[in-house]
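In this note's numbering, the protein residues as written are 18 to 463. For each residue, glycine too, the CB sits at the ideal point set by N, CA and C. What you are looking at is a predicted structure, and each value in this text was computed from that prediction instead of being measured.
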Ligand code: PNW
């Protein structure tokens with residue numbers, strides 16, 4: 018880790034709905050996560066993002082924490098329903114002003130702002146019109162991106178259009194455990210295509226508005242067959258295509274993977290008609306970097322009831338985080354080198370835009386939050402990045418997920434990913450041992 022180059026970018030990441038709270042302030046409209054979390058049975062403990070970390074009112078304190086930590090960069094997301102409460106039309110000035118001020122506070126603290134335009138909080142009004150199943154949502158996203166670009170492109174260093182479109186597709190529209198909670202099976206394919214089209218249109222709009230570095234962040238999970246049985250190997254190859262290449266092939270090669278188009282033509286005749294002439298050209302416009310979010314490999318077992326012929330789980334025999342996810346740093350090396358192998362010179366520079374783990378609190382008598390497991394996690398994953406660089410991957414930075422403990426989607430507040438502990442009763446922030454560990458490392462860089 019100490020061998021990482023001096024200009025390697027160190028950051029931490031968050032997302033609007035997970036930290037901001039203040040869901041009815043500043044003219045914000047409702048998002049699909051407000052609706053979903055307020056519907057009984059969707060989120061553990063009935064938790065919602067209504068207050069979350071109250072970051073909307075505490076951004077100064079949070080930026081001060083980042084400055085003291087010594088971060089180079091902060092990845093946050095912009096809540097679309099704060100900018101366009103109904104998902105279309107004129108911008109809401111109070112919403113823009115909030116992010117405008119946040120960006121200036123970051124720059125004033127010497128921290129690069131990196132902004133994601135869509136981290137899952139789709140305006141409810143757009144969902145009511147069909148959400149990502151409706152092609153029009155891609156055009157609405159373009160309009161929103163232009164508004165944000167006009168206001169912030171002069172100061173935001175890196176823009177990401179979408180966060181993890183593959184998780185929006187799989188968990189939001191196939192399996193239904195995330196908002197909007199749809200269970201569409203493979204008939205949900207338009208959700209993938211319209212997000213990609215939305216990305217392409219938004220990237221173009223951002224560029225027109227003066228943005229310099231544009232990409233998106235996706236989730237990657239190497240697919241490991243659970244056994245050497247042929248059925249598991251076949252299922253793993255298929256999961257690999259749907260999880261890892263469904264979005265990245267169109268972006269970097271201008272085409273959908275054959276494994277995807279073959280399964281679709283077999284199961285959902287006509288599904289590919291949503292791909293209109295010209296779409297792939299818009300989608301495949303060059304990216305300035307690629308954001309890689311990594312948590313764990315998919316341990317794939319054949320399962321004839323799954324739309325993909327298999328399902329993924331955590332890797333047996335490995336240390337587990339509080340979430341039950343397996344700790345497999347070499348899966349990150351494999352992901353980064355795998356992108357280089359698959360796309361060659363078409364692979365842009367990589368940033369790890371999320372990596373992290375949740376563990377239950379361990380607070381000692383003196384009030385310190387002891388999280389040596391998290392320190393070990395980040396150390397091991399940074400070693401894995403270094404290893405990938407030695408094998409030829411061009412990796413430029415690492416954003417820890419997350420700066421703060423926050424609203425962990427369907428798990429509510431039960432999973433804590435932060436470098437900083439948040440007491441959700443008092444909203445007090447307490448830096449954990451992992452925060453002090455990173456602080457010391459960043460100071461030592463000179
Ligand atoms: C990502 N999976 O979500 C998101 O970008 C973050 O907002 C989130 O807090 C973080 O990872 C931790 O979960 C994921 O089931 C959700 O494979 C689910 C999966 C992966 C990533």
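Query: What are the uninterrupted segments assigned as beta strand (DSSP E) that are 3 or more residues long and contained completely in the stretch 117-159, given in chain order?; Result: 129-135
Query: Leaving out five residues on either side along the sequence, give the residues of the same chain with a beta carbon under 7 angstroms from the beta carbon of residue 345.; Result: 313, 314, 332 and 335
Query: For residue 31, which of 121, 214 and 420 has the nearest alpha-carbon?; Result: 420
Query: Please find out if some non-hydrogen atom of ligand 1 comes closer than 7 angstroms to the beta-carbon of residue 37.; Result: no
Query: Could you please give the first and the last residue of the uninterrupted beta strand (DSSP E) stretch that includes residue 369?; Result: 367-372
Query: Spatial neighbours of residue 387 within its chain, please: CB distance less than 6 angstroms, with the 5 preceding and 5 following residues excluded, ordered by chain position.; Result: 379, 381 and 450
Query: With the cut-off set at 8 angstroms, would you say residue 464 and residue 131 are in Cβ contact?; Result: The question about residue 464 has no answer here: the residues shown for the chain are numbered 18 through 463.
Query: Using the beta-carbon count (16 or more within 10 Å), is residue 78 buried or exposed?; Result: exposed
Query: Check whether the Cβ atoms of residue 157 and residue 217 sit closer than 8 angstroms, and answer yes or no.; Result: no
Query: Return helix, strand or coil for residue 427, following the three-state DSSP convention.; Result: helix
Query: Hey, out of 171, 110, 172 and 233, whose CA is closest to residue 135's CA?; Result: 233
Query: With a threshold of 7 angstroms, establish whether the CB of residue 50 neighbours any heavy atom of ligand 1.; Result: no
Query: Candidates 372, 448, 95 and 195: which alpha carbon is nearest residue 112's?; Result: 95
Query: In angstroms with no decimal places, state the Cα-to-Cα distance between residue 385 and residue 373.; Result: 20 angstroms
Query: Assign residue 14 to one of three DSSP states: helix, strand, or coil.; Result: Absent from the structure is residue 14, since the part of the chain shown begins at 18 and ends at 463.
Query: Do the CB positions of residue 375 and residue 338 come within less than 8 angstroms of each other?; Result: yes
Query: Assign residue 296 to one of two classes, buried (16 or more other C-beta atoms within 10 Å of its C-beta) or exposed (fewer than that).; Result: buried
Query: Is the beta carbon of residue 454 closer than 8 angstroms to that of residue 20?; Result: no
Query: Which of the three DSSP states, helix, strand or coil, is assigned to residue 270?; Result: helix
Query: Determine the direct distance from the alpha carbon of residue 319 to that of residue 327, and round the result to whole angstroms.; Result: 4 angstroms
Query: Do residue 80 and residue 33 have their C-beta atoms within less than 8 angstroms of each other?; Result: no
Query: From residue 102 to residue 129, what distance separates their C-alpha atoms?; Result: 27 angstroms
Query: If you scan the stretch 165-217 from start to end, which runs of the alpha helix (DSSP H) of 4 or more residues do you find wholly inside it?; Result: none
Query: Compare the Cα-Cα distances from residue 307 to each of 29, 140, 447 and 178 and report the closest residue.; Result: 178
Query: Under the criterion of a Cβ to heavy atom distance below 7 angstroms, does residue 235 qualify as lining ligand 1?; Result: no
Query: Classify residue 286: buried if its beta carbon has 16 or more other beta carbons within 10 angstroms, exposed otherwise.; Result: exposed
Query: Tell me the rounded alpha-carbon separation between residue 56 and residue 162.; Result: 29 angstroms
Query: Say yes only if the C-beta of residue 434 is nearer than 7 angstroms to one or more non-hydrogen atoms of ligand 3, and no if none qualify.; Result: Annotation note on ligand 3: not contained in the displayed structure, which lists ligand 1 as its ligands.
Query: Please check the pair residue 248 and residue 329, which I expect to be a contact at CB under 8 angstroms, by giving their CB distance rounded to whole angstroms.; Result: Contact doesn't hold; Cβ gap of about 15 angstroms is too wide.
Query: Helix, strand or coil: which one does DSSP assign to residue 232?; Result: strand
Query: Which partner residues does residue 310 have in the DSSP bridge list?; Result: 236 and 371
Query: Does any CB atom of chain D fall closer than 8 angstroms to the CB of residue 342?; Result: The structure shown contains no chain D; it holds only a single protein chain.
Query: Going by the C-beta, is residue 368 closer than 7 angstroms to any heavy atom of ligand 1?; Result: no
Query: Can you name the residues that DSSP bridges to residue 29?; Result: 91 and 417
Query: Since residue 417 contacts residue 436 with CB under 8 angstroms, what's their CB separation in whole angstroms?; Result: 6 angstroms
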